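The opening position of the sequence shown corresponds to residue -14 in our numbering, with each subsequent residue numbered one higher.
The next block holds one structure in the form of structure tokens; read it before the comments.
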Amino acid sequence: MHLVQHIDDAVDRYWTVDVKIIGIWENGPAACVVHRRSMDPTTILGHRFEFTPTSADGTIEGYARDIAINLAEPLGTLAATTRQDEHGIVWVVIPADRPTPEPPAEVLEKLGDR
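As structure tokens, then:
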């Protein structure tokens, strides 16, 4: 099972009231998640996560659980690393020298419906 499915399952299992996933897709060896949180429903956040054997407890399932928790919690000091793209998505921890991920058409369509 791919990281995307594990993240989606973990959010559904633990944080479905707090996190609404707008879109989730594979981006090379990583997974991108665009979502809203109940604590700040007008902000659309984007994250790019890449699993490595040293991530979390070394399992993709454990990493996905950690991601689900991170999606639900306040950004804290990570807020200083955000930047907004042309679609209104506030991306977290994307280095300034890298482009933000381009959401697939179906995600952009959902964003247009907001």
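Think of the CB as a built atom: it goes at the ideal place given N, C-alpha and C, for glycine as much as any other residue.
Being a predicted model, the structure only gives us computed values, none of them experimental.
Delimiting residues of the alpha helix (DSSP H) encompassing residue i
i: Glu11; result: Where Glu11 is concerned, there is no enclosing alpha helix (DSSP H), although the beta strand (DSSP E) it sits in stretches over Val4 to Asn12.
i: Val92; result: Ala90 to Gly97
DSSP state of residue i mapped onto helix, strand, coil
i: Glu35; result: strand
i: Thr30; result: It should be pointed out that residue 30 corresponds to Leu in this sequence rather than to Thr. Three-state result, Leu30: strand.
i: Arg22; result: strand
i: Ala57; result: helix
i: Arg68; result: strand
i: Ala(-5); result: helix
i: Ala41; result: coil
i: Ala49; result: helix
Start and end residues, beta strand (DSSP E) containing residue i
i: Ile74; result: Ile74 to Val77
Minimum C-alpha distance to residue i - residue among the options
i: Arg33; options: Lys5, Arg83, His72 and Thr39; result: Arg83
i: Gly73; options: Asn55, Tyr48, Val19 and Ile52; result: Val19
Could you say if the stretch 37 to 49 and the stretch 19 to 27 meet the contact criterion of at least three C-beta pairs nearer than 8 Å? no
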